[in-house]
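Asks:
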Amino acid sequence: MIYKLLVPGPIEDVEQVRVLEWHGGEGQAFAEGELVVELETHKALVEVRAGQAGILRSVISQEGDWVDIGSPLALLSDSADEQLPDGLDELAEMALSFEVS
Numbered sequence: 048m049i050y051k052l053l054v055p056g057p058i059e060d061v062e063q064v065r066v067l068e069w070h071g072g073e074g075q076a077f078a079e080g081e082l083v084v085e086l087e088t089h090k091a092l093v094e095v096r097a098g099q100a101g102i103l104r105s106v107i108s109q110e111g112d113w114v115d116i117g118s119p120l121a122l123l124s125d126s127a128d129e130q131l132p133d134g135l136d137e138l139a140e141m142a143l144s145f146e147v148s
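In this text, residue positions in the sequence shown follow the numbering used here: the first is 48, and each later residue adds one.
1. By alpha-carbon positions, which one of D136, L122, A127 ends up nearest to K51?
2. Just how far apart, CA to CA, sit M48 and Q99?
3. Report yes or no: do three or more beta-carbon pairs, one from the region 97-115 and one from the region 57-69, lie closer than 8 Å?
4. Between which two residues does the beta strand (DSSP E) holding G98 run?
5. Taking buried to mean at least 16 other C-beta atoms within 10 Å of its own C-beta, is L135 buried or exposed?
6. Ignore the nearest five residues each way along the sequence and tell me which others in W69's own chain have a CB closer than 7 Å to its CB.
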């Protein structure tokens, strides 16, 4: 199955975050709880961790990009050979956890 990883929220007084660093490239497998991407707000760092195992298939928001809360960051899948869809609307959201520090 293909999942979309979205900018987590809500985060108090924040509408946008900047993609700071991806912790792996396309094809990287992530275990549940593993750090996938770091985001930053004007005041804090946001660590986004995989809420389920998956493979990073396509990075949508690049390092340095400013993106809105709820916007897609990347596509992940259960296996590396699943065909990526043309659109994102029908995709399930990937389970995640995040911490603001």
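No residue lacks a Cβ here, since even glycine has one placed at the ideal position from N, Cα and C.
Being a predicted model, the structure only gives us computed values, none of them experimental.
Replies: In brief:
1. With distances taken between CA atoms, K51 lies nearest to L122 out of D136, L122, A127.
2. The alpha-carbon of M48 is positioned some 12 Å away from that of Q99.
3. Three or more pairs of CB atoms, one per stretch, sit closer than 8 Å, so the region 97-115 contacts the region 57-69.
4. Premise fails: G98 is in no beta strand (DSSP E) and is neither H nor E.
5. Taking every protein chain shown into account, the CB of L135 has fewer than 16 other CB atoms within 10 angstroms, so this residue is exposed.
6. Cβ neighbours of W69 beyond the five flanking positions: V84, V106, E110.
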